[in-house]
Amino acid sequence: MIPGADATSQVQRGWLLHATVARPPVGQTAHVVVHQHDKLAVRYYAPTGESIQKTPVILVPSLINRAYILDLEPDRSVVASLSAMGHPVYLVDWGIPGEEDAAEDTGYVLHELLSRSIDRICRHAGQPKALVFGYCQGGVLAAMLAALAPERFAGLVLLNAPFRFSEGGRFRDLVAPEVMDVDKALTGGLVSVESMSAGFKLLDPMGNWTKYIGIEKASGDPARMARVMARERWLEENVPLPAVFAREFIRNAYQKDALLDGGWVVRGKEIDLRNITCPVLVVASERDFIAPKEACLPVAEATGSDDVTVEVIPTGHIGCVVGSAASRHLLPLLDGWFRRVQP
Amino acid sequence: MSIPPFGFAGNEASNQLYEQWEKGMTEWWESMMQNPAFLGSLGDNMASMTQMRTAWDDAIDQGLERARMPTRKDMIRLASIVSLLEDKLMKVEDQLLNSNDRLVEMEKALLVSRIESAEMRLELNERLSRIELALERALGGGESK
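Structure representation (structure tokens):
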């Protein structure tokens with residue numbers, strides 16, 4: 001008997017399963033594409049149920065994730081749940097940039113891609129305003145646009161979106177100005193998936209080991225295994241970032257904390273979060289080490305809105321949208337809030 | 001695939017040893033992630049990787065250029081032109097949609113003014129009828145029978 005061998009054996013078997021088990025399909029909820037621009041596509045999920053709402057709900061994920069994270073599994077899908085609650089749901093799928101998109105900056109992402117998407121969605125829904133839900137970096141971008149062009153915003157939800165970047169946890173440690181010279185580290189056309197993946201692995205170094213034990217433990221239950229593997233797809237399938245955007249974002253957000261302290265200028269206009277006057281819902285997760293709640297909650301005090309709601313959910317960064325906390329906490333919270341604030 | 005049965009389950013000493021190792025490794029990683037030298041080397045490493053990749057891409061481009069083949073840069077340039085054209089089309093679409101919005105507004109305003117003028121015409125006709133009636137009565141009242 002070799003002490004420690006059982007856990008090691010579990011990791012080995014988990015690693016083997018991880019390398020060989022097919023990943024489940026994702027993004028399965030029926031939809032139609034209502035707008036396309038460059039690599040971006042806007043997916044529309046028609047509302048069902050008894051109490052159908054009119055105001056469109058726009059989901060904005062992070063640029064570094066695939067949009068399917070909000071439609072990961074049929075029974076754990078934010079888009080499917082919200083549309084079944086009667087909301088017309090639109091998902092912004094940023095797509096995967098190519099080298100030709102290397103010069104895209106924050107101004108392009110906000111004004112050419114996101115703002116136009118919101119405009120086309122409002123036209124499609126026949127409504128003057130929309131309820132915009134931003135997740136993680138998607139929340140940061142949605143808030144920046146709401147500050148620059150608030151006209152189309154009926155409400156803004158910021159889920160696990162960091163704003164006080166000095167409290168940004170381990171990721172901030174990795175990109176702090178004394179650690180990373182962005183002009184040297186983020187050159188070339190795109191920031192590669194490999195570079196980003198290495199960075200994300202360092203956020204939870206031991207998690208890269210212990211996850212194989214979790215995979216091994218799930219191997220006896222096909223449904224659980226499919227769930228674990230769907231999450232693996234989320235973690236594995238990152239998206240490269242245009243280097244210009246990445247430099248601008250890391251410098252202004254993580255190195256200068258310019259969203260709350262001021263000084264982030266986009267196309268000649270400084271971002272001032274006090275320009276956000278629509279109702280705001282700030283949601284943070286208790287055990288989030290990617291966007292710690294200390295980094296997410298300060299935005300509640302920074303907007304110009306007189307209707308700000310703050311909630312902390314007892315879960316982690318991913319669990320809040322695909323774990324049991326999603327159906328227990330997040331989705332009922334969103335449904336109630338959307339119904340309360342819509343015009 | 002079939003997984004062989006797990007052979008060492010339930011050994012308490014083994015699990016304790018593993019837990020100690022995991023705790024030790026977690027602490028070690030924590031200390032490394034607080035170490036400026038380690039973090040600095042990560043940043044430098046990323047810069048080196050980026051430089052290496054750029055050099056690799058350039059080398060491939062040079063080879064393709066010598067073989068009179070389209071290079072990666074050529075492809076990027078072409079794709080960029082397509083993207084710029086799409087951006088311009090999007091701006092034209094914006095203008096068309098905005099013009100359409102204005103036309104719809106104008107049509108609405110025109111419809112409202114048509115309705116208002118029709119209502120005014122009706123009102124005027126009614127007033128005229130009333131005046132005609134009053135005149136007829138006045139004239140009729142003045143005639144001797």
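Chains X and P supply the protein sequences, listed in that same order.
Per our numbering, residue 1 is the first one in the first sequence, and the count goes up by one each step.
Per our numbering, residue 1 is the first one in the second sequence, and the count goes up by one each step.
Built from N, CA and C at the ideal position, the CB exists for glycine as well.
(1) List the endpoints of the continuous beta strand (DSSP E) containing D230(X).
(2) Quick one: Cα of R66(X) to Cα of E301(X), how far?
(3) Among the residues of its own chain, which have a CB less than 7 Å from the CB of L190(X), if the five just before and after it don't count?
(4) Do you know offhand how far T8(X)'s Cα is from R53(P)'s?
(5) State the start and end residues of the unbroken beta strand (DSSP E) segment that holds Q36(X).
(6) Looking at the strands, I want to know which residues DSSP matches up with I313(X).
(7) Residues of chain P with a CB under 9 Å from the CB of E294(X): which are they?
(8) For R53(P), go through chain X and note every residue whose CB falls closer than 8 Å to its CB, in chain order.
(9) Give the DSSP-derived three-state secondary structure of G24(P) in the structure shown.
(10) Write down the C-beta distance between A79(P) and K184(X) rounded to the nearest angstrom, noting that I regard them as a contact closer than 8 Å.
(11) Please report the straight-line C-alpha distance between N208(X) and S197(X), rounded to a whole angstrom.
(12) Are the C-beta of P169(P) and some C-beta of chain X separated by less than 9 Å?
(13) Using a C-beta to C-beta distance shorter than 7 Å, which residues of chain X count as neighbours of D61(P)?
(14) Could you list which residues in chain P have their beta carbon closer than 9 Å to that of L174(X), in chain order?
(15) Between which two residues does the beta strand (DSSP E) carrying I60(P) extend?
(16) Are the C-beta of A46(X) and some C-beta of chain P separated by less than 9 Å?
(17) For the region 96–110 of chain P, list every residue whose C-beta sits within 8 Å of some C-beta in chain X, in sequence order.
(18) Would you mind reading off the limits of the alpha helix (DSSP H) that contains R116(X)?
(19) Closest to K256(X) by C-alpha separation, out of S166(X), H87(X) and G139(X), would be which residue?
(20) In angstroms with no decimal places, state the Cα-to-Cα distance between E136(P) and E123(P).
(21) Confirm, please, whether the CB-CB distance from R233(X) to A147(X) is below 9 Å.
(22) Name the residue from T26(P), G140(P), E126(P) and L17(P) whose alpha carbon lies nearest to the alpha carbon of P205(X).
(23) Against chain P, with Cβ distances strictly below 9 Å, would T106(X) count as a contact?
(24) Does any residue of chain X bring its CB to less than 9 Å from the CB of E65(P)?
(25) Could you tell me which chain X residues have their CB closer than 9 Å to the CB of E22(P), listed as they occur along the chain?
(26) Need the endpoints of the beta strand (DSSP E) that G155(X) sits in, please.
(27) Starting from the C-beta of F6(P), find all residues in its chain whose C-beta is less than 7 Å away, skip the five residues before and the five after it, and write them out in chain order.
(28) Around the C-beta of L111(P), are 16 or more other C-beta atoms found within 10 angstroms, so that it is buried, or is it exposed?
(29) For S192(X) and N238(X), what's the separation of their Cα atoms in angstroms?
Inspection of the coordinates gives the following:
(1) Note on identity: in this sequence residue 230(X) is Ala, with Asp being the wrong assignment. Element bounds for A230(X): not the beta strand (DSSP E) but the alpha helix (DSSP H), P222 to E236.
(2) 30 Å
(3) P97, E99, A102, P240, L241, P242 and A243
(4) 36 Å
(5) Here the beta strand (DSSP E) through Q36(X) covers V32 to H37.
(6) Beta-bridge pairing links I313(X) to S285(X).
(7) The premise fails here: E294(X) is roughly 17 Å from chain P at the closest Cβ pair, so nothing lies under 9 Å.
(8) Within 8 Å Cβ-Cβ: G188 and S192.
(9) helix
(10) Not quite, the Cβ-Cβ distance comes to about 26 Å (not below 8 Å), so this is no contact.
(11) The alpha-carbon separation between N208(X) and S197(X) amounts to approximately 12 Å.
(12) There is simply no residue 169(P) to check, as chain P begins at 1 and stops at 145 in what is shown.
(13) The premise fails here: D61(P) is roughly 12 Å from chain X at the closest Cβ pair, so nothing lies under 7 Å.
(14) M33, L39, L42 and G43
(15) Counting along the chain, no beta strand (DSSP E) covers I60(P); the unbroken alpha helix (DSSP H) around it starts and ends at P36 to R66.
(16) no
(17) Close to chain X, meaning a Cβ-Cβ distance shorter than 8 Å, are the following residues of the region 96–110 of chain P: L97.
(18) Taken as a continuous stretch (DSSP letters only), the alpha helix (DSSP H) holding R116(X) covers R116 to A125.
(19) The shortest Cα separation from K256(X) among S166(X), H87(X) and G139(X) belongs to S166(X).
(20) 20 Å
(21) no
(22) T26(P)
(23) no
(24) no
(25) A7, M206, W209 and T210
(26) F153 to L159
(27) In this predicted model, F6(P) has a pLDDT of only 45, less than 50, meaning its place in the structure is not dependable enough to derive any value.
(28) exposed
(29) 9 Å
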